[in-house]
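*Asks:*
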RNA sequence: GCCGCCAUCGUCUAACGGUUAGGACGCCAGGUUCUCAUCCUGGUAAUCGGGGUUCGAUUCCCCGUGGCGGUACCA
């Protein structure tokens, strides 16, 4: 069997769709698994949707995710150009070849004519379909119109009464009757090819062995199969993938949530988490292992285990995985990752300080973007919180104030050089135990005094990072609130 | 309308025709020297409906129902 070559062929519409990323991932995994090639091709054949600089979003997204392509617009390769708008002559040549063979024909109908035709058919409850009026044109009429520069498209001629069977690696055998298929436009009047022509020509020329794309393409696959037949080319293997869905089970789209990879990068999702999560949306290894690195995915990936039903994109599980991967990071790595989420003025505190602070919050983060809000109290000159927050259970303000006074006295005794969480904890716990007091009566107000929050890391950890002076200052401040 | 596809806990998903229908997320409860988080333990929750086939259907077949996709000079 010849070498496996898969491709990711997105339209540069301005951003990389999260669903596209998963399609790219599966295509990449399929190629890597079999020691094949994975290439990137830009399908920019719709001039109306042209977006300046849109290809960058695709390059960046793939790079972020760790999906590497060996050929593509920005890396070159033997089968270029890898941008369809740069291959117009190629498509034209092949479209004309089909016209010569009598398998495609010129059509001079304008959009108004077509629209009327469709409306009439819909009114009669018929399937909207081109009525082939231009197929009846004589050679002379065609020549005349062409020399008059009448705008034209080239349409594919559909055979009648033929059943085309797709043998799909995911869906099995699916059949369509050509009578239900339209005479698809192959070459548009602006000289650009439609998707159908371009994808077939390019996949053939670029020696793609497996066409991987989402389910929405299944119904147009018979057209593509026929095109391969018309050209006399061997068709690739098909693998249609299940769709990614919104919570309401419709095709995942903007307006119903974030769909751009960029959005997730900005929120501080890790590529490891995203890849792991995306891989499991429509596939699983058949074991109970659910934490997967890219390398492990390559090893265990199998098209046969992809299933057909669409999968809802569930942010809760992504969050879980993201938190998991954040916890796996070394402190230095995490520091680097968090950098862009930290306030500039915090840098004055120094790298070591920030590092200690981040260490305390690591296990609490779900997204990197959580870091800013989570640690701001470490940098505040004065904490803002309701005094009632200092009150533990049924104690009175008087008692809390007295307890804080005791805490303060005990902490005072600890020398600067012993100001680390273990000694702090030992000192406080010893004191509390000796007097047969309740830890919560002391530690809760102490913690709130240091953090101003109802939820935070332990008071001893926070105190260590804050330092003796600042810690005592915050406790005094709390006492004054009561 | 027409064509096609799909259907297991709320979500992602396991289950050669024979399992107490399993796991993960979420949620709930308990434990882990104050809170939160982490971690550990336990719990909650599903085979769309109706017919077949079979000794036995989540699994195979048919019919419903529901959902989704396609039906463009968009991809």
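Residue numbers (the working numbering): 130 to 611. Ideal placement from N, C-alpha and C gives every residue a C-beta, glycine not left out. This structure is a prediction, so every number in the text was calculated from the model and none was measured.
1. Out of curiosity, what's the CA-to-CA distance linking residue 520 and residue 554?
2. So, does the segment 426-435 touch the segment 381-398, judging by three or more C-beta pairs under 8 Å?
3. From residue 584 to residue 515, what distance separates their C-alpha atoms?
4. Please state whether the Cβ-Cβ distance between residue 423 and residue 165 is less than 9 Å.
5. Contact defined as beta carbons within less than 8 Å: I believe residue 373 pairs with residue 406. What is the distance between those atoms, to the nearest angstrom?
6. Once you ignore the five residues that flank residue 314 on each side, which residues in its own chain have a CB closer than 6 Å to its CB?
7. For residue 608, which three-state DSSP category applies?
8. Just confirm the distance between the C-beta atoms of residue 350 and residue 159, as a whole number of angstroms; I'd bet it's less than 8 Å.
9. If I measure Cβ to Cβ from residue 211 and keep anything under 6 Å in the same chain, skipping five residues before and after, which residues do I get?
10. Say whether the segment 206-226 touches the segment 246-257, bearing in mind that this needs 3 or more beta-carbon pairs closer than 8 Å, one atom from each stretch.
11. What residues match up with residue 284 in a beta bridge as DSSP calls it?
12. What does the Cβ neighbour count give for residue 606, buried or exposed, with the cut at 16 atoms within 10 Å?
13. For residue 257, does the count of other Cβ atoms within 10 angstroms reach 16, so buried, or fall short, so exposed?
14. Based on DSSP bridge pairs, tell me the residues matched to residue 440.
15. Please check the pair residue 593 and residue 549, which I expect to be a contact at CB under 8 Å, by giving their CB distance rounded to whole angstroms.
16. Express the C-alpha separation of residue 371 and residue 604 in angstroms, rounding to a whole number.
17. Kindly identify the DSSP beta-bridge partner or partners of residue 435.
18. Reducing DSSP to helix, strand and coil, say where residue 513 ends up.
19. Looking only at DSSP bridge pairs, what is residue 134 linked to?
20. Taking the alpha helix (DSSP H) that residue 569 belongs to, which residues open and close that run?
21. What are the boundary residues of the beta strand (DSSP E) that residue 343 is part of?
22. Residue 348: which of 368, 358, 338, 240 sits nearest, CA to CA?
23. Pick helix, strand or coil for residue 475, following the three-state DSSP scheme.
24. Let me know if residue 288 comes out buried or exposed under the rule of 16 or more other beta-carbons within 10 Å of its beta-carbon.
25. With distances taken Cα to Cα, identify the nearest neighbour of residue 293 among 321, 352, 311, 265.
26. Hey, how far is the Cα of residue 268 from the Cα of residue 274?
27. Could you check the C-alpha separation between residue 455 and residue 358 for me, to the nearest Å?
28. List the DSSP bridge partners of residue 295.
29. My output table needs one value for residue 322: the three-state DSSP class, helix, strand or coil.
30. DSSP has residue 212 in a bridge; who is on the other side?
31. Where DSSP assigns a beta bridge to residue 200, which residues make up the other side?
32. Can at least three beta-carbon pairs, one atom from the segment 321-339 and one from the segment 169-186, be found at a separation below 8 Å?
33. Report yes or no: do the segment 448-468 and the segment 390-403 share at least 3 C-beta pairs separated by less than 8 Å?
34. What three-state label does DSSP hand residue 446 in the structure shown?
35. Could you tell me whether the Cβ atoms of residue 551 and residue 589 are closer together than 9 Å?
*Replies:* The answer reads as follows:
1. Residue 520 and residue 554: Cα-Cα distance of roughly 21 Å.
2. With a cut-off of 8 Å, the segment 381-398 and the segment 426-435 do not count as touching, because too few Cβ pairs lie within range.
3. If you take the alpha carbons of residue 584 and residue 515, they lie about 14 Å apart.
4. Cβ distance not < 9 Å, so residue 423 and residue 165 don't count as in contact.
5. With a contact defined as Cβ atoms closer than 8 Å, residue 373 and residue 406 miss out at about 11 Å.
6. 282, 284, 323.
7. When secondary structure is reduced to three states using DSSP, residue 608 falls in the helix class.
8. Not really, about 18 Å apart at Cβ, beyond 8 Å.
9. By the criterion of a C-beta distance shorter than 6 Å, residue 211 is surrounded in its chain by 170, 201, 202, once the five residues flanking it on both sides are discounted.
10. Because the criterion of three Cβ pairs below 8 Å is not met, the segment 206-226 and the segment 246-257 do not touch.
11. 234, 314, per the DSSP bridge assignment.
12. Per the 10 Å Cβ criterion, exposed.
13. Classification of residue 257: exposed, given that the 10 Å Cβ count is below 16.
14. Per DSSP, 373.
15. Contact holds; Cβ gap of about 5 Å.
16. C-alpha separation (whole angstroms): 57 Å.
17. Beta-bridge pairing links residue 435 to 412.
18. The answer is coil: DSSP assigns residue 513 none of H, G, I, E or B.
19. Bridge partners of residue 134 according to DSSP: 166.
20. Residues 568-580.
21. Counting along the chain, the beta strand (DSSP E) containing residue 343 begins and ends at 339-343.
22. Between residue 348 and the set 368, 358, 338, 240, the nearest pair of CA atoms involves 368.
23. If DSSP states are grouped into helix, strand and coil, residue 475 belongs with the helices.
24. Residue 288 is classed as exposed because its beta carbon has fewer than 16 other beta carbons within 10 Å across all chains shown.
25. Measuring from the Cα of residue 293, the nearest candidate turns out to be 352.
26. Roughly 10 Å between the two C-alpha positions.
27. Each residue's alpha carbon lies about 51 Å from the other.
28. Partner(s): 303.
29. Secondary structure at residue 322: strand, using DSSP grouped into helix, strand and coil.
30. According to the DSSP secondary-structure assignment, residue 212 is paired through a beta bridge with 171.
31. Assignment of beta-bridge partners to residue 200 by DSSP yields 168.
32. Touching, yes.
33. Contact between the segment 448-468 and the segment 390-403 is present, with at least three C-beta pairs closer than 8 Å.
34. DSSP places residue 446 in helix when its eight states are reduced to three.
35. Going by C-beta atoms, residue 551 is nearer than 9 Å to residue 589.
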